[in-house]
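Structure, as structure tokens:
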Amino acid sequence: MPVTVVGSIAFDSVKTPFGERTRMLGGAAVHFALAASFFDDVRVVGPVGDDFGAAELAVLSARGIDVSDIEYVPGGETFFWAGEYGWDLASRETLETRLGVFADFDPKLSAAARDSDVLFLANIQPDLQRAVRAQCDGARFAALDSMNLWIEVARDSLVEAIATVDCLVLNDAELRELTGRPGLLAAAREVLAWGPPGPRTIIAKQGEYGAAMITESSYFSLPAFPLERVVDPTGAGDTFAGGFVGYIAAAGAESIDEELLRRAMAYGTALASFNVEEFGTERVARLSGQEIAARVSELERVTHFSDAPIEMRG
Ligand code: AMP
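Here our numbering is used: the first residue of the sequence shown is 59, the next is one more, and so on.
Shown next, in the form of structure tokens:
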């Protein structure tokens, strides 16, 4: 099933203990699209300025991503984000966010984008997420990601946007911030209770610890793929989401049940592990399906155990 994604298309300046990059291709929609492109047709919606060149576009086109819904704004500036990571990569400080062309963006989706069966509202101002959701009202599966900034400056709009999707993907700490509940399970259950309509599946991203999935009747969790060397975590969450949603899209007419969602988590986890090995989109842009499949198998192996009950004292 074709996938439409809206979200930031960006230039990122990133500093980690292992190096830095200035104005590299980034953005939530970009990371998502590259990952999802391993599974199905993907279409990116969003504006860029005339600083966004052919080289940036080529990274998307080379993966077969449909870029015809990317709007060039003459004289405009592409979304810009700068961030710096702490020594263990566990903490990150945003140094600068410039919305640029996103500030006045009024999305008008093409017929093909509107007809997509799968919709991902990647991280961007929630009013824009709602405007796109309203135009894609026939999507069979819609998911949304956001971040602390939007919880802090546009919470009401974000809550309304969340009510329109099937699945919420959010960082663990942001889920707690959104609900004001200190415990992850309680925070997820609160969002589940906002519906219906509203999400039936909550994915809590936990950075280097992996991700958890909570529904009304189930809980599932996967660790991150074990890596010796992580260089730049930027976009890991969006790449995870691209693998997760892309896998669901590729399953086509199959019903979206717990087993499918769990396998989708494994593909998201594998994709994210490649993303963090190099800066920005560098690694995922030259990834192969075979490499992804090998990591999913390895993840299955390292997370498997079988119980052998023993007699307990007491
Ligand atoms: P992640 O590491 O998953 O949080 O995603 C990082 C990406 O999100 C970067 O490529 C940024 O361009 C993008 N980003 C950072 N801040 C924002 C924001 N406020 N709204 C939308 N996208 C953002």
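Virtual Cβ for every residue (Gly too), placed ideally from N, Cα, C.
The count of Cβ pairs closer than 8 Å, one atom from the segment 170-187 and one from the segment 230-243, stays below three, leaving the stretches out of contact.
CA-to-CA, the gap between R359 and V106 works out to about 42 Å. A Cβ-Cβ separation of about 5 Å places V100 in contact with I123 under the 8 Å criterion. With a 10 Å radius around the Cβ and a threshold of 16 neighbouring Cβ atoms, Y267 comes out exposed. Within the DSSP bridge table, the entry for A140 names S71, E154 as partners. In the displayed model, L147 falls within coil according to three-state DSSP, outside both helix and strand. In this model, A299 and G326 are separated by some 6 Å (Cα to Cα). Contact between the segment 335-352 and the segment 284-299 is established, with three or more Cβ pairs separated by less than 8 Å. Cβ contact annotation for S279 (same chain, cutoff 6 Å, sequence separation greater than five): A270, in chain order.
Assignment of alpha helix (DSSP H) within the segment 177-220, counting only whole runs of 4 or more residues, yields 184-193, 206-211, 213-220 in chain order.
Sorting A170, L207, M205, S215 by C-alpha distance to the C-alpha of Q193 places A170 at the top.
Residue state for R101 is assigned as strand, using DSSP reduced to three classes. Taking 6 Å as the cut-off, one finds no heavy atom of the ligand AMP near enough to the beta carbon of S331.
Distances from the CB of I182 to the heavy atoms of the ligand AMP include at least one below 6 Å. D296 has its Cβ nearer than 6 Å to a heavy atom of the ligand AMP.
The closest heavy atom of the ligand AMP lies 6 Å or more from the beta carbon of L179. Contact fails between the segment 302-309 and the segment 248-259, because fewer than three Cβ pairs, one in each stretch, are under 8 Å apart. Residue pairing by DSSP places Y130 opposite V106 in a beta bridge. Under DSSP, I260 shares a beta bridge with L226, I272. When only Cα atoms are considered, H362 and A282 end up about 14 Å apart. D296 carries a helical assignment under DSSP once its states are collapsed to helix, strand and coil.
S204 counts as buried, since at least 16 other C-beta atoms from the protein chains shown sit within 10 angstroms of its C-beta. Relative to the ligand AMP, the nearest heavy atom lies less than 6 Å away from the CB of A68.
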